[in-house]
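Under my numbering, the first residue of the sequence shown is numbered 4, with each subsequent residue one higher. Note that CB positions come from ideal geometry on N, CA and C, so glycine has one too. Structure first, then comments.
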Amino acid sequence: MDWKSHLILMPILLPLVTAAVLLMFDERKRKLKMTINSASILVLIGICVALLQEAQAIAPRADVYLIGNWPAPFGIVLVLDQLSALMIVLSSLLGMAALSFALAHWHKASPHFHTIFQLLLMGLNGAFLTGDLFNLFVFFEVLLVASYGLALHGSGPARVKAGLHYIAINLVSSSLFLIGVSLIYGVTGTLNMADLAQRISQVAADDRMLLEAGAAILGLAFLIKAGMWPLNFWLAPTYTAAAAPVAAIFVVMSKVGVYVLLRLSPLLFGLGAGPSYGFGNDWLYYGGMVTLAFGLIGVVASQAMGRLASYSILVSSGTLLAAIGSGNTAMTGAALYYMISSTLTIAAFFLLIELIERGQDAAANVLAVTMEAYGDDEEEEEEEEVGAVLPATLAILGTFFAICAILLIGLPPFSGFIAKFLLLAAVFNGEGSTPQLAMPVSPASWVLITLILLSGLSALIAMTRTGIRTFWASLEGNVPRVLVREAVPIAGLLALCLALTVAAGPAMQYMDATARALHSPDDYIDSVLSAPRAGGEEVEAQ
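Here it is in structure tokens:
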């Protein structure tokens with residue numbers, strides 16, 4: 004094996020080694036730790052992009068790495084396909100943006116920030132690359148433990164209160180994960196995802212209820228992470244209270260649950276699942292729509308920008324869950340494009356919120372909301388002055404805010420519009436490659452179409468109201484001090500959305516190919532179970 008064959012291990016190994024190295028230095032050497040952390044993530048981005056290119060080159064097959072040189076299903080395997088490659092690139096890019104923003108001052112707020120940050124990346128990449136449920140649990144716990152430290156980063160009563168609630172609910176989620184995995188293993192005798200896909204159709208009728216119960220409990224653990232209603236009560240308080248760079252990287256954490264459901268639903272309960280075909284799809288479809296409705300109501304009702312961004316995550320999660328539950332290959336491809344666009348946008352918005360609120364007074368915000376609700380009876384002569392020159396900082400922040408608003412609303416020509424257009428087209432066109440105009444759209448599909456359109460309307464109302472209050476009719480004239488290193492990550496994330504818009508054609512070709520591979524997993528299963536050992540030796544099944 005040459006060194007390139009070991010590259011799939013690096014998204015996990017590199018953050019682990021970096022975290023260990025960072026522990027060797029105390030907090031007095033922050034500049035050195037900053038340098039090591041930044042260099043590590045830059046290298047990680049390069050590795051992930053190289054893996055993305057490799058996954059695209061070998062598609063629809065997957066690249067399988069046998070840890071310990073034991074073949075599946077006996078040993079631990081890492082699996083690189085188009086979906087996992089896409090997710091590790093997304094997490095590494097968000098990690099770089101969040102770290103760059105944090106280097107202005109947030110990394111000093113509490114000790115071991117850089118070490119915990121690297122462990123979070125390790126857990127995320129491991130969860131995306133693993134090929135069995137047991138190691139999915141291991142990496143799931145690594146990223147959760149790291150996220151506990153980051154959720155509490157910076158201290159403060161609100162952050163500690165929300166962080167403790169976050170820890171409690173995720174401990175429950177971990178318990179459900181273990182129970183679900185135990186039930187599945189007890190019935191099938193394996194936890195390798197590809198092996199499970201082959202064995203599910205062979206499960207005895209008497210054991211099938213136990214299998215589906217385990218799958219349902221396991222699904223609950225990931226639905227908590229994805230933020231499905233009514234399991235999402237923890238999300239808005241936690242993300243609102245978290246430090247800005249932490250909230251930005253947490254946006255991709257909410258997609259871990261979506262990723263696992265997207266991976267396992269067509270793999271385990273697709274066409275080869277026998278009597279369990281389509282298990283849980285209706286729950287995902289209708290639960291996703293309810294989550295989408297709850298999220299858009301929360302967006303309209305939010306007065307604080309942090310809560311607006313948090314409820315936007317629920318809108319995104321609801322849309323993605325409904326797309327997964329539909330079982331529509333075309334809708335899955337559109338949902339992947341939407342996931343990338345919405346994740347980048349909301350992460351940029353979380354970073355932007357801190358810069359905007361830095362120049363505002365909390366009491367002034369309360370007064371602004373009060374005046375908006377009840378009006379202001381006093382006439383001010385100074386209001387006759389029309390027009391004011393905005394300082395350059397406010398002009399830049401206002402431009403960033405406008406781009407975020409356009410992306411969240413889904414207005415043309417940016418990627419938010421393309422994503423929603425593709426989702427709606429997939430609902431109308433069904434599974435075929437050509438529009439199936441003769442086939443009527445079901446009432447449930449009309450509800451989903453309506454909710455997607457209303458989500459854009461709710462974002463329009465909320466972002467317009469917030470923009471007017473913040474940039475046009477603000478009661479405070481303070482201009483926030485913004486460092487270049489804080490503006491650059493926001494500009495970078497929005498530039499990625501612009502690139503996603505310009506390269507929408509190639510991007511959708513990749514997403515559609517990924518969706519087809521997910522819904523026709525024979526190549527994935529064969530790649531994992533037939534992966535050769537180094538040296539070509541065979542292992543005889545016991």
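Please list, in chain order, all residues of the same chain as residue i whose beta carbon is under 6 Å from its beta carbon, the five residues on each side excluded.
i    : result
G336 : M514, D515, A518
P18  : Q121, L124, M125
P438 : In this predicted model, P438 has a pLDDT of only 42, less than 50, meaning its place in the structure is not dependable; the value taken from the coordinates is given anyway. Answer for P438: N432, listed in chain order.
I220 : L179, I182, G183
A224 : S176, L179, F180
A107 : L486, R488, E489
So what does DSSP say about residue i, is it helix, strand or coil?
i    : result
V444 : coil
D209 : helix
N331 : coil
L69  : strand
P416 : coil
V603 : Nothing can be reported for residue 603: it is not among the residues displayed for the chain, which extend from 4 to 545.
N195 : strand
R310 : helix
W237 : coil
W232 : coil
F282 : coil
P74  : coil
G273 : coil
L265 : helix
R202 : helix
V485 : coil
R31  : helix
A62  : coil
A246 : coil
R468 : helix
I15  : helix
L287 : helix
S178 : helix
Could you pull out every residue in the same chain whose Cβ sits closer than 8 Å to the Cβ of residue i, ignoring the five residues on either side in sequence?
i    : result
A422 : A337, Y340, Y341, S344, S345, G413
I359 : M308, L400, F404, T473, P483
V175 : I227
V450 : M292
G508 : none
Report yes if the C-beta distance between residue i and residue j is below 8 Å; otherwise report no.
i    : j    : result
V255 : V531 : no
L324 : T348 : no
T243 : R310 : yes
A490 : I356 : no
A229 : A350 : no
I170 : Y151 : yes
L93  : L521 : no
F282 : A218 : yes
I11  : D66  : yes
P269 : P524 : yes
L427 : I452 : yes
P160 : A534 : no
S95  : I61  : no
A276 : S204 : yes
V82  : G134 : yes
Residue i: which of the options sits nearest, CA to CA?
i    : options                : result
M466 : G495, L299, A429       : L299
L271 : P415, L136, L425, A494 : L136
F431 : F420, A520, P446       : P446
V303 : R468, P269, A207       : R468
A395 : L427, V485, A351       : V485
H168 : W73, F417, I187, A245  : A245
S461 : A65, L410, Y68         : L410
V261 : Q512, I493, L287       : L287
K34  : T504, L147, A105       : A105
N284 : A296, W232, G222, V67  : G222
G290 : G328, W109, F352       : G328
L69  : I61, M212, G78         : G78
A546 : L83, L317, G470        : Since the first residue shown for the chain is 4 and the last is 545, residue 546 is missing from the structure and cannot be characterised.
F353 : H9, V141, A494         : A494
Under 7 Å Cβ to Cβ from residue i, same chain only, skipping five residues before and after it: list those, please.
i    : result
A429 : N331, A333, M334, A337
E30  : P114
S41  : L102
V389 : Here V389 scores only 38 on pLDDT, less than 50, and its place in the model is too uncertain to base an answer on.
V145 : L122, M125, G126, G129
R193 : The question names Arg, yet the displayed sequence has Thr at residue 193. If we look at T193 and ignore the five residues flanking it on each side, its Cβ neighbours are P76, L199, R202.
Y314 : A239, G298, G301, V302, S305
Y46  : Here residue 46 turns out to be Val, not Tyr, going by the sequence shown. Counting only Cβ-Cβ distances below 7 Å, and skipping sequence neighbours, we find L17.
V20  : none
T118 : A22, L25, L26
Where are the alpha helix (DSSP H) runs, 4 residues long or more, that stay fully inside the stretch 82-164, in chain order? As far as the stretch 82-164 is concerned, its whole alpha helix (DSSP H) runs of at least 4 residues are 85-105, 116-132, 136-154.
Every unbroken beta strand (DSSP E) inside the stretch 506-543 [3 residues or more]: Qualifying beta strand (DSSP E) stretches: none in this window.
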